[in-house]
Amino acid sequence: MTLPIFETRRLLLRPIEESDAPGLHAAYGDPEAMRFWDAPPSVDMAETASRIRQTLAVERRWHGMWAVVVRSGGFAGMINYHNVDPRNRRLALGWIVVPAFWHQGLMTEAAEVVLAHCFSAMDMHRIEALIEPENTASRGLATRLGFTQESDVMRDRLLVDGQYRGVLMYSLLKADWAG
Ligand SMILES: CC(C)(COP(=O)(O)OP(=O)(O)OC[C@H]1O[C@@H](n2cnc3c(N)ncnc32)[C@H](O)[C@@H]1OP(=O)(O)O)[C@@H](O)C(=O)NCCC(=O)NCCS
Numbered sequence: 017m018t019l020p021i022f023e024t025r026r027l028l029l030r031p032i033e034e035s036d037a038p039g040l041h042a043a044y045g046d047p048e049a050m051r052f053w054d055a056p057p058s059v060d061m062a063e064t065a066s067r068i069r070q071t072l073a074v075e076r077r078w079h080g081m082w083a084v085v086v087r088s089g090g091f092a093g094m095i096n097y098h099n100v101d102p103r104n105r106r107l108a109l110g111w112i113v114v115p116a117f118w119h120q121g122l123m124t125e126a127a128e129v130v131l132a133h134c135f136s137a138m139d140m141h142r143i144e145a146l147i148e149p150e151n152t153a154s155r156g157l158a159t160r161l162g163f164t165q166e167s168d169v170m171r172d173r174l175l176v177d178g179q180y181r182g183v184l185m186y187s188l189l190k191a192d193w194a195g
């Protein structure tokens, strides 16, 4: 299975490549962008490149990552699926945008086509997003995409840099999906 390429009004979504390390590092290396990530920021571009290699080493069936590229303006971020559970037809999404591109509706535009792909081509029934309570941007994005917050804080679910963190469960069912 290979990841398809998508074109939207402003964006190109294509499979991430190791050569995207400089672009992705503008997000993975930025402490503010990584404040609510499930891992600390990359210390340097080599670490970001290594993270891309780890992603590419996993079969697309279980994990896929698209580079989100503004057609007129370059690398803007990434969106991925992970924790694929084929038996229960569910997976989780992860998303990050380079700070210079925040608040332009880009991840809304990118996530809409990825949701369509997950529900249609991948035949998923449920899509999850685990989001820290203080991450208002990501919670706003999930809500805008039609996700429902369905849990209170799941306590100490992540361990990042020696600190436990709680998260909220958001989900979108195929039946609720507007696409
Ligand atoms: C979450 C993130 C990907 C959103 O990307 P974006 O392209 O800026 O999002 P959009 O412009 O498409 O905005 C979508 C919705 O998110 C919300 N939102 C975005 N930024 C916000 C902010 N700083 N504060 C509150 N809500 C915000 C809004 O509800 C917005 O809808 P609206 O335009 O109707 O108000 C981006 O903020 C980011 O990269 N954050 C850091 C990484 C991260 O925490 N990822 C998620 C881990 S769970």
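Heads up, the sequence shown is in my numbering, so the first residue is 17 and it goes up one at a time. Built from N, CA and C at the ideal position, the CB exists for glycine as well.
Quiz item: In angstroms, rounded to a whole number, what distance separates the CA positions of Leu189 and Leu131?
Solution: Locating residue 189 in the sequence shown gives position 173, counting from the first residue. Locating residue 131 in the sequence shown gives position 115, counting from the first residue. Near 10 Å, if we compare the C-alpha coordinates of Leu131 and Leu189.
Quiz prompt | Closer than 8 Å: Phe52 CB and nearest ligand 1 heavy atom | solution = Here residue 52 refers to the residue found at position 36 when the sequence shown is read from its first residue. Yes, the beta carbon of Phe52 sits closer than 8 Å to at least one heavy atom of ligand 1.
Exercise. Give me the Cα-Cα distance between Ala108 and Tyr186, rounded to the nearest whole angstrom.
Key: Locating residue 108 in the sequence shown gives position 92, where the first residue counts as 1. Locating residue 186 in the sequence shown gives position 170, where the first residue counts as 1. Rounded to whole angstroms, Ala108 to Tyr186 spans 10 Å at the Cα level.
Quiz prompt | Per DSSP, cross-strand counterpart(s) of Gln179 | solution = In the sequence shown, counting from the first residue as 1, residue 179 sits at position 163. Gln179 is bridged to Val176.
Quiz item: Cα-Cα, which of Pro56, Met94, Ser35 and Ala194 is closest to Gly162?
Solution: Against the sequence shown, residue 162 aligns to sequence position 146. Comparing Cα positions, the closest option is Ala194.
Quiz item: Could you give the distance in angstroms between the alpha-carbon of Leu175 and the alpha-carbon of Ala55?
Solution: One-based indexing of the sequence shown puts residue 175 at position 159. One-based indexing of the sequence shown puts residue 55 at position 39. When rounded, the distance between both Cα atoms is 8 Å.
Self-check item: Proximity test, Ser187 beta-carbon vs ligand 1 heavy atom, cut-off 8 Å
Solution: What you label residue 187 is simply residue 171 of the sequence shown in a count that begins at 1. Taken from the Cβ of Ser187, every heavy atom of ligand 1 lies 8 Å or farther away.
Practice problem: From the DSSP output, in three-state form, read off Ile68 for me. | Solution: Walking along the sequence shown from the start, residue 68 turns up at place 52. Here Ile68 sits in helix by DSSP.
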